[in-house]
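Before any comments, here is the structure.
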Amino acid sequence: EAVPFFFTLIFGKGIRYAGHGSYKDVIIDGSMEDFKFVAYFINEADTVTAVASCGRDPIVAQFAELISQGKCLGRGQIEDPATREEWTKKLGQPLPQVR
Numbered sequence: 001e002a003v004p005f006f007f008t009l010i011f012g013k014g015i016r017y018a019g020h021g022s023y024k025d026v027i028i029d030g031s032m033e034d035f036k037f038v039a040y041f042i043n044e045a046d047t048v049t050a051v052a053s054c055g056r057d058p059i060v061a062q063f064a065e066l067i068s069q070g071k072c073l074g075r076g077q078i079e080d081p082a083t084r085e086e087w088t089k090k091l092g093q094p095l096p097q098v099r
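Letter 55 of the sequence shown, counting from 1, is numbered 55 in our numbering, and no numbers are missing.
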C-alpha cells in the first residue's frame with residue numbers, strides 16, 4: 001500500500017513527512033529550536049496518522065513502512081519519552097491493523 005511521503009531541504013535542514021489524515025494532537029519529541037525533532041500527529045481515535053521529522057532519520061521512513069504493512073501506531077506506544085522509539089524495533093512483529 002502506498003503511503004504519502006514528502007521530503008525537502010530548506011536552508012540545509014532536511015524535513016520529512018509521511019502519512020495523511022486529520023489530527024487533534026501533536027506530540028513533539030526532541031528540540032524544534034535545534035531542528036532535531038519528531039512530530040507525531042494523533043487523531044481522535046488516538047492513532048498516529050502522520051510523522052514529521054527534522055534531523056532524526058530514519059524514523060519517518062520507518063513509520064511509512066509500518067503503515068505500508070497495514071499496521072498502526074497508537075498514542076500509548078509513543079507517550080512515554082523513555083520508550084517512544086521502541087515501536088521501530090517491532091516493524092516485523094504484528095501490531096493492530098489500521099483497517
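Even for Gly, the Cβ is constructed at its ideal location relative to N, Cα and C.
Just measuring C-alpha positions, the residue of E79, A50, A2 sitting nearest R16 is A50.
For R16, the secondary structure class from DSSP, reduced to helix, strand or coil, is strand. Secondary structure of L9 (DSSP, three-state): strand. Excluding its 5 nearest sequence neighbours in each direction, I59 has C-beta neighbours in its own chain below 8 angstroms: V38, V51, S53, E85, T88, listed in chain order. When DSSP states are grouped into helix, strand and coil, G55 belongs to the coil group. By alpha-carbon distance to A2, the top candidate from F11, G70, Y23 is G70. Of all alpha-carbon atoms in I42, M32, E65, the one lying nearest the alpha-carbon of I78 is that of I42. Around F63, the same chain offers A18, V51 as residues with beta carbons nearer than 6 angstroms, after the five sequence neighbours per side are excluded. DSSP, read as helix, strand or coil, puts G30 in strand.
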